[in-house]
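Undergrad:
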Amino acid sequence: MKRLLLLLTVMMFCSSALQAQGVILSQENANDKGITPLWPRCDRSRLSPIKCFDQNLRDHIIRNFQYPENAVSEGLSGTVTVEFIIDKKGKVEILEVQGGHRYLQREAIRLIRAIPKMEPAKWGEKPISVAYEVPITFVKPQ
C-alpha cells in the first residue's frame, strides 16, 4: 500500500532554464520536442523514449524508497521536491531541494542521486542537459 501511495504521488513537473555554456531544456520543452535522456535498456523498449524514461524514473523511486527510521520515530511526513538535471554526460546533478524535514530531504536526495548514468538527451547530434522537478510524498507508515 505504501508503494502504491508513493507511485500515485510521484509526479514530474517542469522548470525552464537556460545556461550560457549550453542548452538546458525543461522536461516539458524536451518532451514537446521528443528529446529525453535514454534510460539504460530504453533503447530496447516498446515504449517511446519519453514514456520509458518516465516509467523507469517512477519504478526507480518506488523500488529504492526507504522511509527514514528517524522520520518514522518522529512521526514525520510531507512532500519534498527535488529539482535536478540529467547533464550532457548523462549524470544526475541536483539543483535544489524544497519542502519537508531534513530527514525526508536526505532520502529524496539519495533516491535521485541513485538514478543510473544514462545516454544524455541530444539536440541534433549535440548532447544537452534536461531539467526535471520531482515531488516525492512521504506518508507516515501506520
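Using mature numbering (1 follows the signal peptide of the UniProt record, and there is no 0), the letters of the sequence shown map in sequence onto residues -20 to -1, 1 to 122.
No residue lacks a Cβ here, since even glycine has one placed at the ideal position from N, Cα and C.
(1) Go through its chain and collect everything with a Cβ distance to Ala88's Cβ below 6 Å, but skip five positions before and after it.
(2) Can you have a look at Leu27 and say buried or exposed, based on whether 16 or more other CB atoms are within 10 angstroms of its CB?
(3) When DSSP builds the beta bridges, which residues end up paired with Pro107?
(4) Which residue spans inside the stretch 14 to 86 form an unbroken alpha helix (DSSP H) run of at least 4?
(5) Take Asn50 and list the residues in its own chain whose beta-carbon comes closer than 6 Å to its own, dropping the five residues that flank it on each side.
(6) In whole angstroms, what separates the C-alpha of Phe118 from that of Gly58?
(7) If we count the other Cβ atoms within 10 Å of its Cβ and call it buried at 16 or more, is Gly55 buried or exposed?
(8) For Glu113 and Arg93, I'd like the C-alpha separation in whole angstroms.
(9) Is DSSP giving Thr89 helix, strand or coil here?
TA: In short:
(1) Position 108 of the sequence shown, counting from 1, holds the residue named residue 88. Excluding positions up to five away in sequence, the list reads Val60, Val62, Ile116.
(2) Position 47 of the sequence shown holds residue 27. Counting Cβ neighbours within 10 Å, Leu27 comes out exposed, since fewer than 16 surround it.
(3) As a first step, residue 107 must be located in the sequence shown, where it is residue number 127. Paired residues: Lys102.
(4) 29 to 44, 49 to 53
(5) Translated into positions along the sequence shown, residue 50 becomes position 70. Once the five neighbours on either side are set aside, the close Cβ partners of Asn50 are Tyr83.
(6) If you number the sequence shown from 1, residue 118 lands on position 138. If you number the sequence shown from 1, residue 58 lands on position 78. Taking the straight line from one Cα to the other gives about 5 Å.
(7) Sequence index remark: in the sequence shown, residue 55 carries index 75 (1-based). Counting Cβ neighbours within 10 Å, Gly55 comes out exposed, since fewer than 16 surround it.
(8) Working through the sequence shown from its first residue, we reach residue 113 at position 133. Working through the sequence shown from its first residue, we reach residue 93 at position 113. So the alpha carbons of these two residues sit roughly 14 Å apart.
(9) To locate residue 89, count along the sequence shown from 1; it is residue 109. First, the residue type needs correcting, since residue 89 is Ile and not Thr in the sequence shown. Correct three-state label for Ile89: helix.
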